[in-house]
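Novice: I have a structure I would like to understand better, so I am pasting it below and will then ask my questions one at a time.
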Amino acid sequence: MEVNLQLSVERLHARYAHALDADRLEDWPQLFTENGSYRITTAENEARGLPLPVLYAEGRPMLRDRVASLRHANIYEPQRYRHMVSAVVVERLDEGTARSVANFLVIRIMEGGDTLLFSSGRYVDRIALAPEPRYAERVVICDSRRFDTLLAIPL
Amino acid sequence: MEVNLQLSVERLHARYAHALDADRLEDWPQLFTENGSYRITTAENEARGLPLPVLYAEGRPMLRDRVASLRHANIYEPQRYRHMVSAVVVERLDEGTARSVANFLVIRIMEGGDTLLFSSGRYVDRIALAPEPRYAERVVICDSRRFDTLLAIPL
Amino acid sequence: MEVNLQLSVERLHARYAHALDADRLEDWPQLFTENGSYRITTAENEARGLPLPVLYAEGRPMLRDRVASLRHANIYEPQRYRHMVSAVVVERLDEGTARSVANFLVIRIMEGGDTLLFSSGRYVDRIALAPEPRYAERVVICDSRRFDTLLAIPL
């Protein structure tokens, strides 16, 4: 059991969750490597091998772009997310890289106070370990193929 | 703090969750010892000491049987689960055995994309540690006494 | 990575969850230091710096008082909670103290069996580490400003 590997990957997932949930979106690209990629897809597309992501961004500049456009967008309905991450399985791929699979659940809190189960699924990640753990690739595989049109904040 | 014990039990729970959520039901009996038992009950029955499980299976052959009948059953409405496991408290019972209590939450995703809170409760486990951690006994204590008639996939 | 610190704080959070979920409310004050404080507030008030907690208790006697009044209160609708805790980030403040931020989700199970998403938010804690980890301060920051009038059991 690689204790340090397990806990440092869990810590990366936790920091990711808090960056989004606390609306510190500008911190989000920093959790990826310089060329790190981020992809949201559905379980259905993934099972069929369809390379049809709902959203795709590669490299920190593109991730920052996405945050910038979110900041400038006119989101009519203010909302907040709450991420729960669980069942984190980590495997070392080589000296400097690990693979992680984890379950997630995202709660969405609307301005009026309504709270709803927004999204669930799996994070499948390739993680560069040095100098500190960062996502070289994060694939967000959502259970439901139904997407809210306001899918704005990263999952 | 027995670090390795804690993390290896959490890893067992994580592998359990992923086996069910990824529809790898055939892997599920392997997470139990040869004579391992699996029982679903309700908090109400458990509090009253009623030995009235909603479901009971003892030994891998019986666990495999259950999977086989699920595979052959005519489930009208395809569904998927997503397990969240949290608050894992592990105590060593003796050299080769541990006890674990954990909270769970199971999300159910229907074919149309609807996502609902399906079940919550506690896992109370006796775990055989060698050669690798496996359930000698898993008791699933559901908070709600209401059960969906389609209660098919293990919790 | 301070492995023992991380896991012993996670264990405190887990014991907290189980004390409440198993209706062992009398164990709850023991998880705080003698002068430990407990505060429930909303994300909105916290963001505005409003010192307006929904609930405040300081010191074990006051925490015990709260439990006693809950036990004597006429709660019309029996209910149960299920706590999920995730994304636990722990930082050491000094030799004897740590800070923890974690996400939570509380499920509420009504007597009839209905299960609902009751509350989500963040735990922000100051933890005294010796002789064993205890809350010197727990702040429960709820995402929603809507509170059920029956807000009775601690979150």
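Here the protein sequences come in this chain order: A, B and C. Per the numbering used here, the very first residue in the first sequence carries number 1363; after that it's consecutive. Per the numbering used here, the very first residue in the second sequence carries number 1363; after that it's consecutive. Per the numbering used here, the very first residue in the third sequence carries number 1363; after that it's consecutive. Note that CB positions come from ideal geometry on N, CA and C, so glycine has one too.
(1) Would you verify that the beta carbon of V1371/C is, or is not, closer than 8 Å to some beta carbon of chain B?
(2) With a threshold of 8 Å between beta carbons, is G1411/C in contact with chain A?
(3) Distance, Cα to Cα, D1487/B vs V1447/B?
(4) Excluding sequence positions up to five away, which residues of its chain have a Cβ less than 8 Å from the Cβ of L1367/A?
(5) Looking at the strands, I want to know which residues DSSP matches up with Q1441/B.
(6) Just curious, the alpha helix (DSSP H) that V1371/A is in, first and last residue?
(7) Closest by CA to A1464/A, which one among V1365/A, A1379/A, M1363/A?
(8) Please determine whether the Cβ atom of I1515/B lies at a distance below 7 Å from any heavy atom of the ligand NAD.
(9) Do V1501/A and T1403/A come within 8 Å of each other at the CB atom, strictly closer than that value?
(10) Give the secondary structure of A1435/C by DSSP, where H, G and I count as helix, E and B as strand, and everything else as coil.
(11) Just to confirm the assignment, what range does the alpha helix (DSSP H) spanning E1408/C have?
(12) Under 6 Å Cβ to Cβ from G1360/C, same chain only, skipping five residues before and after it: list those, please.
(13) Rounding to the nearest angstrom, what Cα-Cα distance links E1372/A and Y1400/A in this structure?
(14) In this structure, how does DSSP classify R1454/B when only helix, strand and coil are distinguished?
(15) Going straight from the alpha carbon of L1374/A to that of G1411/C, what length do you get?
(16) Using the DSSP secondary-structure output, state which residues sit across from I1489/C in a beta bridge.
(17) Taking the alpha-carbon positions, what's the I1515/C to L1432/C distance?
(18) What does the Cβ neighbour count give for Y1485/B, buried or exposed, with the cut at 16 atoms within 10 Å?
(19) Do we get a CB-CB distance below 8 Å when we pair T1511/B with the residues of chain C?
(20) Indicate the three-state DSSP secondary structure (helix, strand or coil) for R1422/A in the structure shown.
(21) Hey, how far is the Cα of G1474/B from the Cα of R1444/B?
(22) Could you check which residue in I1471/C, R1377/C, S1482/C, P1413/C has the C-alpha nearest to that of G1483/B?
(23) What separation, rounded to the nearest whole angstrom, lies between the Cα atoms of A1376/B and L1387/B?
(24) Check the Cβ-Cβ distances between R1426/A and every residue of chain C, and say whether any is below 8 Å.
(25) Check whether the Cβ atoms of S1506/C and T1395/A lie closer than 8 Å to each other.
(26) Mapping the DSSP letters down to three states, classify V1502/B as helix, strand or coil.
(27) Would R1507/A count as contacting chain B if we go by Cβ distances under 8 Å?
(28) Per DSSP, which residues does L1478/B bridge with? Please list them.
(29) Buried or exposed: which applies to N1508/C, given that a residue is buried once 16 or more other Cβ atoms fall within 10 Å of its Cβ?
(30) Contact check, A1381/B vs L1369/B under 8 Å by CB: the rounded distance?
(31) For A1449/B, collect the residues of the same chain with a Cβ closer than 7 Å to its Cβ; drop the 5 residues on either side in sequence, then sort them by chain order.
(32) Beta-carbon of G1475/C versus every beta-carbon of chain A: anything under 8 Å?
(33) Do you know offhand how far R1496/C's Cα is from F1480/C's?
(34) Please state if the CB of E1408/B and the CB of I1503/B are separated by a distance shorter than 8 Å.
(35) V1429/B by DSSP, collapsed to three states: which one?
Specialist: By the coordinates alone:
(1) Here residue 1371/C is taken as the residue at index 9 of the third sequence, counted from 1. Taking Cβ atoms only, chain B never reaches closer than 8 Å to V1371/C, which makes this a no.
(2) The count along the third sequence starts at 1 and reaches residue 1411/C at position 49. False, the Cβ-Cβ gap to chain A never drops below 8 Å.
(3) In the second sequence, residue 1487/B corresponds to position 125, counting from 1. In the second sequence, residue 1447/B corresponds to position 85, counting from 1. Computed Cα separation, rounded: 13 Å.
(4) Counting from one through the first sequence, the residue named residue 1367/A turns up at place 5. So the list reads V1452, R1454, A1460, L1491, once near-sequence residues are dropped.
(5) Position 79 of the second sequence, counted from the start, is the residue given in the question as residue 1441/B. Paired residue(s): M1472/B.
(6) Taking the first residue of the first sequence as 1, we reach residue 1371/A at position 9. Unbroken alpha helix (DSSP H) run through V1371/A: 1365-1383.
(7) Residue numbering aside, residue 1464/A sits at position 102 when the first sequence is read from its first letter. Per the Cα distances, A1379/A.
(8) As presented, the structure is devoid of all ligands, the ligand NAD included, so that no description of it is given.
(9) Looking up residue 1403/A in the first sequence gives position 41. Looking up residue 1501/A in the first sequence gives position 139. It is a contact, given that the beta carbons lie within the stated cut-off.
(10) Walking along the third sequence from the start, residue 1435/C turns up at place 73. Three-state result, A1435/C: coil.
(11) Position 46 of the third sequence, counted from the first residue, corresponds to residue 1408/C. From DSSP, the alpha helix (DSSP H) with E1408/C extends over 1405-1409.
(12) This structure leaves residue 1360/C out entirely; chain C is present only between 1363 and 1517.
(13) By one-based count along the first sequence, residue 1372/A stands at place 10. By one-based count along the first sequence, residue 1400/A stands at place 38. Each residue's Cα considered, the two are about 18 Å apart.
(14) Taking the second sequence and counting its residues from 1, one reaches residue 1454/B at position 92. Note: R1454/B maps to strand in three-state DSSP.
(15) In the first sequence, counting from the first residue as 1, residue 1374/A sits at position 12. In the third sequence, counting from the first residue as 1, residue 1411/C sits at position 49. Roughly 28 Å separates the two Cα atoms.
(16) In the third sequence, the residue the question calls residue 1489/C occupies position 127. DSSP lists A1460/C, Y1497/C as partners of I1489/C.
(17) Here residue 1515/C is taken as the residue at index 153 of the third sequence, counted from 1. Here residue 1432/C is taken as the residue at index 70 of the third sequence, counted from 1. If you take the alpha carbons of I1515/C and L1432/C, they lie about 7 Å apart.
(18) Residue 1485/B sits at position 123 when you count from the first residue of the second sequence. Buried: at least 16 other Cβ atoms inside 10 Å.
(19) Counted from its first residue, the second sequence places residue 1511/B at position 149. A caution first: T1511/B carries a pLDDT of 47, below 50, which makes its placement in the model too unreliable to give a value.
(20) Your numbering for residue 1422/A matches position 60 in the first sequence. R1422/A: helix per DSSP, three-state reduction.
(21) Position 112 of the second sequence, counting from 1, holds the residue named residue 1474/B. Position 82 of the second sequence, counting from 1, holds the residue named residue 1444/B. The straight-line gap from Cα to Cα measures roughly 16 Å.
(22) Within the second sequence, numbered from 1, the residue matching residue 1483/B stands at position 121. Selected option, being the one with the closest Cα: I1471/C.
(23) Locating residue 1376/B in the second sequence gives position 14, where the first residue counts as 1. Locating residue 1387/B in the second sequence gives position 25, where the first residue counts as 1. Using only the alpha carbons, I get a separation of about 14 Å.
(24) Reading the first sequence from its first residue, position 64 is the one you call residue 1426/A. It does not; no Cβ of chain C falls within 8 Å.
(25) Position 144 of the third sequence holds residue 1506/C. Position 33 of the first sequence holds residue 1395/A. In this structure, T1395/A does not lie closer than 8 Å to S1506/C by Cβ.
(26) Along the second sequence, read from residue 1 onward, the residue named residue 1502/B stands at position 140. In the structure shown, V1502/B sits in a strand (DSSP, three-state: E or B).
(27) Counting from 1 along the first sequence, the entry for residue 1507/A is found at position 145. Closer than 8 Å to some Cβ of chain B, the Cβ of R1507/A qualifies, so yes.
(28) The residue labelled residue 1478/B in the question sits at position 116 within the second sequence. Answer is R1470/B.
(29) Position 146 of the third sequence, counted from the first residue, corresponds to residue 1508/C. The identity of residue 1508/C in the sequence shown is Arg, whereas the question assumes Asn. R1508/C is exposed by the Cβ-count criterion.
(30) Your numbering for residue 1381/B matches position 19 in the second sequence. Your numbering for residue 1369/B matches position 7 in the second sequence. At roughly 19 Å, the Cβ-Cβ gap does not stay under 8 Å, so A1381/B and L1369/B are not in contact.
(31) As a position in the second sequence, residue 1449/B is number 87, starting the count at 1. Excluding positions up to five away in sequence, the list reads A1464, N1465.
(32) Taking the first residue of the third sequence as 1, we reach residue 1475/C at position 113. Not an interface residue.
(33) As a working note, residue 1496/C is residue 134 in the third sequence. As a working note, residue 1480/C is residue 118 in the third sequence. Roughly 26 Å between the two C-alpha positions.
(34) Mapped onto the second sequence, residue 1503/B falls at position 141. Mapped onto the second sequence, residue 1408/B falls at position 46. Closer than 8 Å, so yes.
(35) Counting from 1 along the second sequence, the entry for residue 1429/B is found at position 67. Helix, per DSSP.
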